[in-house]
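Read through the structure below, which is laid out as structure tokens, and then see the notes.
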Amino acid sequence: MKWKRSERLVDMTHYLMEHPQQLVPLTFFAELYQSAKSSISEDLSIVKDTFEERGIGLLVTVPGAAGGVKYIPKVPDATVKEVIQELIKELSHSDRLLPGGYLFMTDLLGNPELINRVGKVFASAFCDQEIDVIMTVATKGISIAHAIARHLNVPVVVVRRDNKVTEGSTVSINYVSGSSRRIQTMVLSKRSMKSGQRVLITDDFMKVGGTMNGMKNLLEEFDCTLAGIAVLVEAEHPDERLVDDYYSLVKLKEVNEKDRTIALCEGNYFEKGGNK
Numbered sequence: 028m029k030w031k032r033s034e035r036l037v038d039m040t041h042y043l044m045e046h047p048q049q050l051v052p053l054t055f056f057a058e059l060y061q062s063a064k065s066s067i068s069e070d071l072s073i074v075k076d077t078f079e080e081r082g083i084g085l086l087v088t089v090p091g092a093a094g095g096v097k098y099i100p101k102v103p104d105a106t107v108k109e110v111i112q113e114l115i116k117e118l119s120h121s122d123r124l125l126p127g128g129y130l131f132m133t134d135l136l137g138n139p140e141l142i143n144r145v146g147k148v149f150a151s152a153f154c155d156q157e158i159d160v161i162m163t164v165a166t167k168g169i170s171i172a173h174a175i176a177r178h179l180n181v182p183v184v185v186v187r188r189d190n191k192v193t194e195g196s197t198v199s200i201n202y203v204s205g206s207s208r209r210i211q212t213m214v215l216s217k218r219s220m221k222s223g224q225r226v227l228i229t230d231d232f233m234k235v236g237g238t239m240n241g242m243k244n245l246l247e248e249f250d251c252t253l254a255g256i257a258v259l260v261e262a263e264h265p266d267e268r269l270v271d272d273y274y275s276l277v278k279l280k281e282v283n284e285k286d287r288t289i290a291l292c293e294g295n296y297f298e299k300g301g302n303k
């Protein structure tokens with residue numbers, strides 16, 4: 028079957044976007060479409076220019092015999108700001124206020140279109156780093172973790188609060204919850220990670236950072252390295268914060284349970300460098 032250029036461009040674009048961060052040899056496309064490498068190179072130039080003009084991401088060429096092309100999801104600053112403003116708008120409704128200064132976010136975390144955009148925003152911030160695994164704690168951070176993992180093309184591991192027979196042998200640690208100051212437990216299957224992996228931690232909400240700190244300590248038990256922390260919403264507790272190196276999209280500045288008002292602003296995403 029001889030492919031038309033228009034057909035190659037559509038199929039090639041789809042393949043690259045379905046395999047982010049994966050090096051694809053030019054010979055793969057040449058054999059797939061039964062075309063000369065020179066034609067494939069011209070096609071990839073069109074895809075590259077379109078990706079960059081449309082803010083879809085970058086198409087990086089790796090030279091040499093073992094080289095090829097790699098699609099790197101990258102979000103323009105303007106798109107990041109749109110996502111942040113949408114989150115702030117949605118989270119500002121007074122009926123989201125929960126006791127203890129928390130916000131109801133389950134519906135947003137279950138919105139596939141929105142969470143996919145959030146995942147790409149965080150993936151964009153860490154696209155230049157070596158990330159092997161995304162880690163989160165059950166349950167609300169799972170959708171964010173999978174969204175980031177989708178764009179970085181890495182697996183997800185989920186830390187749990189209790190043992191499950193289906194997890195096999197596990198490692199457990201005790202940690203101090205930052206908000207309640209209570210001793211809690213984290214459990215992770217021994218088969219979840221390999222020694223030496225670089226791990227990106229994520230969660231939907233960070234009040235003081237006790238859970239994040241617990242996951243950091245858990246990494247040490249696996250001899251893994253913390254590559255970064257990504258938080259959807261952080262509460263403003265600068266004097267009590269247990270972690271200080273993280274990315275957030277939204278900051279919860281103040282809640283008034285009596286008046287049922289919520290004050291939100293942009294998180295530290297751009298302060299940390301964002302799409303550098």
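Okay, so the sequence shown: first residue is 28 according to the working numbering, each after it adds one. Using N, Cα and C, we set each Cβ at its ideal position, and we do this for glycine too.
Taking 9 Å as the cut-off, the Cβ atoms of V164 and G241 count as close. Bridge pairing for A262: L279 [DSSP]. DSSP places Y60 in the helix class (H, G or I) of the three-state scheme. The count of Cβ pairs closer than 8 Å, one atom from the region 270–290 and one from the region 243–260, reaches three, so the stretches are in contact.
Going by beta carbons, S119 and I228 fall outside the 9 Å limit.
Around the beta carbon of P100, 16 or more other beta carbons lie within 10 angstroms, which makes this residue buried. Buried is the label assigned to L135, since at least 16 other Cβ atoms lie within 10 Å of its Cβ. The alpha-carbon separation between N283 and R268 amounts to approximately 21 Å. P139: member of the alpha helix (DSSP H) spanning P139 to A152, first to last residue. DSSP places L269 outside both helix and strand once states are collapsed to three, so it counts as coil.
Taking a 10 Å sphere around the C-beta of K147, we find 16 or more other C-beta atoms and assign the residue as buried. With a 10 Å radius around the Cβ and a threshold of 16 neighbouring Cβ atoms, L71 comes out buried. Exposed is the label assigned to Q112, since fewer than 16 other Cβ atoms lie within 10 Å of its Cβ. With at least 16 other beta carbons inside 10 angstroms of its own, D231 counts as buried.
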